[in-house]
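A.B. asks:
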Amino acid sequence: MTQSTHGTTKNRRASQAGKSINVRLQPDQLARLDDWIEEDGGRFTRPEAIRTLLNHAWGLTNGAKGIKPAPDRVPPAPD
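Counting in the numbering used here, the sequence shown runs from 19 upward without gaps.
#1: Straight-line CA distance for residue 41 to residue 55?
#2: Using 8 angstroms as the threshold, is the C-beta distance between residue 75 and residue 51 below it?
#3: Between the C-alpha atoms of residue 62 and residue 71, what's the straight-line distance to the nearest angstrom?
#4: Name the residue from 30, 38, 46, 49 whose alpha carbon lies nearest to the alpha carbon of residue 69.
#5: Alpha carbon to alpha carbon, how far is residue 58 from residue 49? Give it in angstroms, no decimals.
#6: Mapping DSSP to helix, strand and coil, what is residue 53?
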């Protein structure tokens with residue numbers, strides 16, 4: 019006898035707090051990003067790496083008032 023699927027609760031992803039944006043990178047930019055991720059031990063995904071680089075840049079320039087970089091997530095900037 020087959021099991022009934024009626025009443026089965028499906029697991030769903032949690033809603034995301036941030037706003038999604040799409041960024042198109044040129045091949046050389048993407049290669050540099052991937053190289054930077056590898057140099058850091060591959061612990062970042064591409065989106066995490068871009069967020070980390072933004073936080074680092076804002077911390078260096080005070081470009082975004084009120085936004086502080088996360089100190090435990092900011093590795094050295096790429097050359």
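Cβ atoms here follow ideal geometry from the backbone N, Cα and C, with glycine treated the same way.
C.D. replies: So, to answer that:
#1: Answer to the nearest angstrom: the Cα atoms are 17 angstroms apart.
#2: Between residue 75 and residue 51, the CB-CB gap reaches or exceeds 8 angstroms.
#3: Going by the C-alpha atoms only, they are around 11 angstroms apart.
#4: Checked all of 30, 38, 46, 49; the closest Cα to residue 69 is 38.
#5: Residue 49 and residue 58: Cα-Cα distance of roughly 14 angstroms.
#6: In this structure, DSSP gives residue 53 a helical state, which the three-state scheme calls helix.
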